[in-house]
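Q: Residue numbers (our numbering), protein chains in the order written: chain A, 1 to 594; chain B, 595 to 751; chain C, 752 to 901.
For glycine and all other residues, C-beta sits at the position ideal for the given N, C-alpha and C.
Sending over a structure as structure tokens; questions will come in a sec.
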Amino acid sequence: MSNSKARQPTGRKQGRQEEAARRKSSPQENQQQTPPRTLERILNTGPTLLAYVDTDYRYRWVNQAYERWFRQSSEHIQGRHLQENLGEAAWQMVQPYVARVLGGETIAFEQHLPLPGGDLRWVRATFTPDWDAAGHILGFVVHAIDIGDLKQSEENLRTEMTFSESAINSLPGIFYLFDRTGRFLRWNRNFEQVSEYSAQEIATMNPLDFFVADEKGIIANAINTAFTEGQVRVEANFVAKSGQRIPYYFVGLKMCVGETPYLIGSGIDLSRRNEAEETQRATLNILEDFDVERAKLQLLQQATMNILEDFDEERQNFQMVQKATLNLLEDMHEERHQLDLIQRALLNMLEDIDVERTRAEQARVLLEAVNKELEAFSYSVSHDLRAPLRAISGFAQAVVEDYEPRLDEEGKQFLGLIQHNAHKMGQLIDDLLTFSRLGRQQMSESQIDMDGMVRAVFAELAALAPDRKISLTVLAVPPAHGDKAMIRQVVANLIANAIKFTRTREKALIEFGYLPEGGAYYVKDNGVGFDMQYVGKLFGVFQRLHSISEFEGTGVGLALVYRIITRHGGRVWATGQEQQGATFFFTLPEREAV
Amino acid sequence: MMDKPNQMDPVEAENVEIVIIEDDLNDAELILQVFRKLNLTGQCIFLKDGAEGLDYLLTQTRYVNPASRSTPRVVFLDLKLPSIDGIEVLRRMKADERIKRIPVVVWTSSTAEQDLKTAYDLGVNSYVTKPTPFDELTNIVKELIWYWLRVNKLPTR
Amino acid sequence: MTGQNSTVDIILVEDDPNDAALITRVFKKHNLTNKIVLLKDGAEALEYLFATGRYAHNPSHMSPKVVLLDLKLPKVDGIEVLKRLKADQRTKNIPVVVLTSSSEDRDIKTAYDLGVNSYVTKPIKFDDFAQVVSQLRMYWTLINKPYEPS
Chain A
1 MSNSKARQPT
11 GRKQGRQEEA
21 ARRKSSPQEN
31 QQQTPPRTLE
41 RILNTGPTLL
51 AYVDTDYRYR
61 WVNQAYERWF
71 RQSSEHIQGR
81 HLQENLGEAA
91 WQMVQPYVAR
101 VLGGETIAFE
111 QHLPLPGGDL
121 RWVRATFTPD
131 WDAAGHILGF
141 VVHAIDIGDL
151 KQSEENLRTE
161 MTFSESAINS
171 LPGIFYLFDR
181 TGRFLRWNRN
191 FEQVSEYSAQ
201 EIATMNPLDF
211 FVADEKGIIA
221 NAINTAFTEG
231 QVRVEANFVA
241 KSGQRIPYYF
251 VGLKMCVGET
261 PYLIGSGIDL
271 SRRNEAEETQ
281 RATLNILEDF
291 DVERAKLQLL
301 QQATMNILED
311 FDEERQNFQM
321 VQKATLNLLE
331 DMHEERHQLD
341 LIQRALLNML
351 EDIDVERTRA
361 EQARVLLEAV
371 NKELEAFSYS
381 VSHDLRAPLR
391 AISGFAQAVV
401 EDYEPRLDEE
411 GKQFLGLIQH
421 NAHKMGQLID
431 DLLTFSRLGR
441 QQMSESQIDM
451 DGMVRAVFAE
461 LAALAPDRKI
471 SLTVLAVPPA
481 HGDKAMIRQV
491 VANLIANAIK
501 FTRTREKALI
511 EFGYLPEGGA
521 YYVKDNGVGF
531 DMQYVGKLFG
541 VFQRLHSISE
551 FEGTGVGLAL
561 VYRIITRHGG
571 RVWATGQEQQ
581 GATFFFTLPE
591 REAV
Chain B
595 MMDKPNQMDP
605 VEAENVEIVI
615 IEDDLNDAEL
625 ILQVFRKLNL
635 TGQCIFLKDG
645 AEGLDYLLTQ
655 TRYVNPASRS
665 TPRVVFLDLK
675 LPSIDGIEVL
685 RRMKADERIK
695 RIPVVVWTSS
705 TAEQDLKTAY
715 DLGVNSYVTK
725 PTPFDELTNI
735 VKELIWYWLR
745 VNKLPTR
Chain C
752 MTGQNSTVDI
762 ILVEDDPNDA
772 ALITRVFKKH
782 NLTNKIVLLK
792 DGAEALEYLF
802 ATGRYAHNPS
812 HMSPKVVLLD
822 LKLPKVDGIE
832 VLKRLKADQR
842 TKNIPVVVLT
852 SSSEDRDIKT
862 AYDLGVNSYV
872 TKPIKFDDFA
882 QVVSQLRMYW
892 TLINKPYEPS
């Protein structure tokens with residue numbers, strides 16, 4: 001038996017022949033190996049669009065994916081002309097490919113197809129011709145895939161690349177990226193401009209090409225250092241195409257993309273110092289975008305910072321600033337010393353204030369104690385003075401009651417006088433007590449309805465003299481500010497006086513009002529009045545302008561009024577005329593109470 | 595005897611000052627009338643049994659400030675009361691630190707010596723028998739009110 | 752030897768002679784049958800009420816209608832007298848009315864704590880004084896019913 005195999009034909013021709021040969025062989029055999037149902041499955045699953053188009057450009061068969069893509073059922077599509085299904089726009093694009101496949105060519109293409117309905121879809125398609133045993137084209141098979149996502153990624157990448165491109169080109173310094181062999185992969189426009197070489201030229205050049213002979217070695221070493229140690233900085237003269245030499249400062253960093261190392265960096269024109277920082281910053285940003293390890297970034301930053309430091313002029317400036325700062329500090333020292341003195345003085349002052357405050361506090365406590373003692377004293381004085389009075393009144397009364405039949409008129413009269421005097425003394429003690437207490441009392445403050453108060457006081461006092469005709473007129477009066485109880489006392493005293501001194505009148509007329517100019521309240525009566533030449537004596541304690549026989553009274557009432565009003569910061573005065581009545585005025589200024 | 599004014603000083607008439615524990619409606623009515631005449635209806639409270647009375651006194655009295663305005667100035671206490679009787683009320687009042695200083699006036703128709711003794715033993719402040727001539731009741735009540743509201747003094751704090 | 756000291760109605764413990772005279776007068780004026788005893792200091796009061804010392808001849812049990820007790824007393828003060836009276840079975844049922852010029856809260860509270868029946872302050876003015884004493888008389892001799900063991 002021979003083992004040699006007949007040599008199989010190769011190439012397309014072989015393919016065709018094989019195909020034809022397969023066809024000739026038993027179709028049934030083939031069919032048995034792949035049952036129809038399985039075929040069905042294979043053709044209708046997956047994203048691949050499959051279709052068979054004949055030489056008349058009509059669909060003979062489409063798979064389910066095709067149906068879904070075009071949103072038409074196969075019944076609909078089959079028999080249709082390509083143009084009809086694809087729409088005019090897409091047909092125009094596809095037609096050339098169709099022509100070629102029907103010419104026997106297998107074609108693959110990518111197109112952005114505008115479909116009926118407005119869709120624009122990216123498609124990658126393969127058209128494969130179908131021919132019979134004789135080599136006649138019967139039609140072609142369509143394989144197509146929607147590559148929309150793929151296209152989008154490509155687009156993004158392109159955008160990204162454009163962006164990076166712009167970024168790199170915006171760098172003020174020169175930017176470069178080359179591999180171990182020295183092949184430049186990326187550079188910025190500045191590089192082209194400074195070096196005066198074109199992009200095409202640079203693409204073929206080596207880094208060492210930009211340096212003069214003796215500096216080449218330095219650069220070569222530097223590049224080596226970068227690749228072995230990770231980073232390098234070096235100063236050298238960058239030589240342009242024209243031969244011009246520009247002093248440059250280069251920074252290089254090793255960067256790995258996958259396993260492959262690259263050198264990335266930037267160079268700063270030393271003759272244009274003020275761009276150093278700018279470049280540094282810009283460089284940093286871009287380098288970040290290229291995913292350099294952060295540690296290396298910091299090193300780069302440091303390196304660039306050092307550049308600034310190394311500038312002599314900068315250092316000198318700094319020294320000057322330093323000197324100026326020192327001077328300033330010296331001056332400040334002087335200032336601080338002054339401040340210290342002031343502070344000490346203030347502290348002393350505060351101490352003194354504290355001492356003062358303590359003294360004031362002590363004085364206040366003392367005052368309170370004295371007040372309390374005075375109060376207690378007054379109280380006991382009043383008490384002790386009154387006790388005998390009670391006895392006097394009591395016994396006088398007892399005599400009157402028990403010895404009535406044995407008393408003549410004079411006797412009764414004398415006893416009456418005893419009682420009267422005892423009563424009067426009691427009154428005097430009360431008045432004195434009130435008067436003295438007034439000076440020591442705490443004043444409270446509130447809004448006082450003067451109208452209401454006057455009327456109430458009058459009602460009380462008038463009730464004590466029910467047999468007399470007394471009329472009160474209250475004119476429009478504003479509310480006042482002051483100690484309610486004390487002001488009530490004032491009003492009571494003035495009205496009581498008015499009632500008292502109008503006793504000789506048939507009808508007593510009392511008026512209470514307010515004078516806006518001067519802001520004074522007044523009590524006016526039509527009583528006996530007084531002689532104005534004695535007006536000064538009116539408000540003194542125990543001062544009386546009428547004899548006791550005419551009008552009783554202790555003479556403390558007006559003194560009390562005077563004292564209260566004065567404590568409120570107001571004024572009291574009076575006008576009068578004998579037999580023409582009297583008017584008493586008082587002011588109550590707001591919040592001026594002492 | 596001098597005339598007392600019919601109206602009390604309005605400044606003091608602010609809170610309940612007199613507690614009357616009395617179950618007889620007629621007597622209560624008469625007493626109330628006196629209060630009306632004196633314009634003191636706002637200052638008295640009538641309770642009709644011992645338990646109610648005690649409860650009122652114990653809850654209305656502020657322990658922290660035993661002589662505050664909210665403490666009554668006097669309790670008129672009948673002896674014959676439903677639930678807890680007057681003697682028991684008196685006993686409990688005088689035994690309770692919070693309310694033992696409130697003057698209690700037993701006000702009863704009983705003249706039984708035992709009641710009298712027990713009441714005084716328990717520390718009653720005053721014992722008054724209701725007069726049989728009815729019209730005198732009004733005068734007596736007036737006197738009682740006047741005495742315990744004006745003559746008798748209580749601590750102010 | 753009960754004699755004059757039986758059926759004493761009012762015991763007045765007062766050191767001020769003026770006040771004593773005036774008070775006594777009020778009580779007597781309205782009811783001449785009122786028997787009033789005037790004691791001038793705390794010690795005398797205790798002796799009288801407990802039948803000791805100069806009053807040893809007093810009956811062992813006394814039931815006056817009321818004891819009017821001033822607080823500011825020489826020798827033994829009124830509070831002490833009150834305390835002794837209310838602590839003793841023999842005297843605790845006697846109505847005691849403090850009649851004093853003191854209106855100090857401390858005194859008032861102490862008096863009530865000791866079981867005083869009533870506390871009255873002496874008015875300063877005579878007219879009021881007379882009125883109050885008159886009221887006292889009226890209340891404690893006519894209205895209040897004292898316990899008188901038979």
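Thinking A/I246 and A/V234 are a contact (beta carbons under 8 angstroms), I'd like their distance in whole angstroms, please.
A: Wrong, their Cβ atoms sit about 14 angstroms apart, outside the cutoff.
Q: Is the CB-CB distance between B/V745 and B/Y721 below 7 angstroms?
A: Against a cut-off of 7 angstroms, the Cβ pair of B/Y721 and B/V745 comes out as no contact.
Q: Short check: CB of A/I202 to CB of A/F178, under 7 angstroms?
A: No, the pair does not count as a contact, with Cβ atoms beyond the cut-off.
Q: Who are A/Q231's beta bridge partners in DSSP?
A: Partner(s): A/L253.
Q: Compile a chain-ordered list of the residues in the region 426-457 of chain A whose CB is closer than 8 angstroms to at least one CB of chain C.
A: Those residues of the region 426-457 of chain A that come within reach of chain C (Cβ to Cβ, closer than 8 angstroms) are G426.
Q: Return the chain-ordered ranges of every alpha helix (DSSP H) run that is complete within the region 45-106 of chain A and spans a minimum of 4 residues.
A: Complete alpha helix (DSSP H) runs here, min 4: 64-70, 74-77, 82-86 and 88-102.
Q: Please report the distance separating the alpha-carbon of A/F395 from that of B/F670.
A: Approximately 38 angstroms between the Cα atoms of the pair.
Q: Which full runs of the alpha helix (DSSP H) of 4+ residues lie inside the region 472-549 of chain A, going along the chain?
A: Counting whole runs of 4 or more residues, the region 472-549 of chain A contains the alpha helix (DSSP H) stretches 484-501.
Q: Does A/F379 come out as helix, strand or coil in the three-state DSSP assignment?
A: The sequence as given places Tyr at residue 379 of chain A; Phe does not occur at that position. Residue state, collapsed to three classes: helix.
Q: For the region 873-884 of chain C, list every residue whose C-beta sits within 9 angstroms of some C-beta in chain A, in sequence order.
A: So the list reads K873, P874, I875, K876, F877, D878, F880 and A881, given in the order they occur along the chain.
Q: Using a beta-carbon distance below 7 angstroms, is C/L773 in contact with chain A?
A: Chain A contact via Cβ: present.
Q: Do you know offhand how far A/G135's Cα is from A/G87's?
A: Each residue's Cα considered, the two are about 31 angstroms apart.
Q: On the DSSP bridge assignment, give the partners of A/P42 in chain order.
A: This sequence places Ile at residue 42 of chain A; Pro is not what is there. According to DSSP, A/I42 bridges with nothing at all.
Q: Opposite A/S393 in the DSSP bridges: which residues?
A: Looking at the DSSP assignment, A/S393 forms no beta bridge with any residue, so it has no partner.
Q: If I'm right that A/A508 touches A/K537 with Cβ under 8 angstroms, what's the distance once you round it to whole angstroms?
A: 24 angstroms between Cβ atoms; not a contact.
Q: Name the DSSP bridge partner or partners of B/T653?
A: BP columns for B/T653 are empty, so no partner.
Q: Buried or exposed: A/L347, going by 16 or more other Cβ atoms within 10 Å of its Cβ?
A: Per the 10 Å Cβ criterion, exposed.
Q: If the criterion is Cβ atoms closer than 7 angstroms, does the pair A/K500 and A/I448 meet it?
A: For A/K500 and A/I448, no; Cβs fall outside 7 angstroms.
Q: Whose CA, out of A/A496, A/G267, A/W69 and A/Y522, lies closest to the CA of A/K556?
A: What sits at residue 556 of chain A in the sequence shown is Val, not Lys. Residue A/A496 is the option with its Cα nearest to A/V556.
Q: Would you kindly report the start and end of the unbroken alpha helix (DSSP H) that includes A/P129?
A: Unbroken run through A/P129 is the beta strand (DSSP E), L120 to W131; no alpha helix (DSSP H).
Q: Where A/S382 and A/L389 are concerned, what is the direct C-alpha to C-alpha distance, given to the nearest angstrom?
A: Distance between the alpha carbons of A/S382 and A/L389 is about 11 angstroms.
Q: I'd like to know if the region 616-624 of chain B and the region 705-722 of chain B are in contact, where contact means that at least 3 CB-CB pairs between them fall below 8 angstroms.
A: No, the region 616-624 of chain B is not in contact with the region 705-722 of chain B.
Q: Listing by chain order, which chain C residues have their CB less than 7 angstroms from the CB of A/A398?
A: Going along chain C in sequence order, the residues near A/A398 (Cβ under 7 angstroms) are R776.
Q: Where does A/N285 land, buried or exposed, given buried means 16+ other C-beta within 10 angstroms?
A: So A/N285 ends up on the exposed side.
Q: Quick one: Cα of B/P676 to Cα of C/V832, how far?
A: Cα-Cα distance, rounded: 39 angstroms.
Q: Report the three-state DSSP secondary structure of B/T750 (helix, strand or coil).
A: If DSSP states are grouped into helix, strand and coil, B/T750 belongs with coil.
Q: Nearest-angstrom Cα distance between A/K424 and A/F414?
A: One C-alpha to the other measures close to 15 angstroms.
Q: Starting from the beta carbon of A/R386, find every residue of chain C whose beta carbon is closer than 7 angstroms, and list them in chain order.
A: Chain C residues near A/R386: I875.
Q: Give me the subset of the region 811-833 of chain C whose CB atoms are less than 9 angstroms from a CB atom of chain B, sorted by chain position.
A: The region 811-833 of chain C vs chain B, Cβ under 9 angstroms: nothing.
Q: Please report how far the alpha carbon of A/H597 lies from the alpha carbon of A/P516, in whole angstroms.
A: What the structure shows of chain A is the stretch from 1 to 594, and residue 597 of chain A is not part of that stretch, so it cannot be assessed.
Q: My assumption, with CB atoms under 8 angstroms, is that A/Y57 sits in contact with A/V98. Please give the rounded CB distance.
A: Contact holds; Cβ gap of about 7 angstroms.
Q: Starting from the C-beta of A/P261, find all residues in its chain whose C-beta is less than 8 angstroms away, skip the five residues before and the five after it, and write them out in chain order.
A: The residues are D179, R180, F227, K254 and M255.
Q: With a 10 Å radius around its C-beta and 16 neighbouring C-beta atoms as the bar for buried, classify A/A520 as buried or exposed.
A: Under this definition A/A520 is a buried residue.
Q: Between which two residues does the alpha helix (DSSP H) harbouring A/D146 extend?
A: It is not in any alpha helix (DSSP H) - A/D146 instead sits in the beta strand (DSSP E) that spans I137 to D146.
Q: I need the boundaries of the alpha helix (DSSP H) containing C/T851, first residue and last residue.
A: Premise fails: C/T851 lies in the beta strand (DSSP E), V847 to T851, not in any alpha helix (DSSP H).
Q: Determine which residues share a DSSP beta bridge with A/A108 and list them.
A: Note: A/A108 sits in a beta bridge opposite A/T126.
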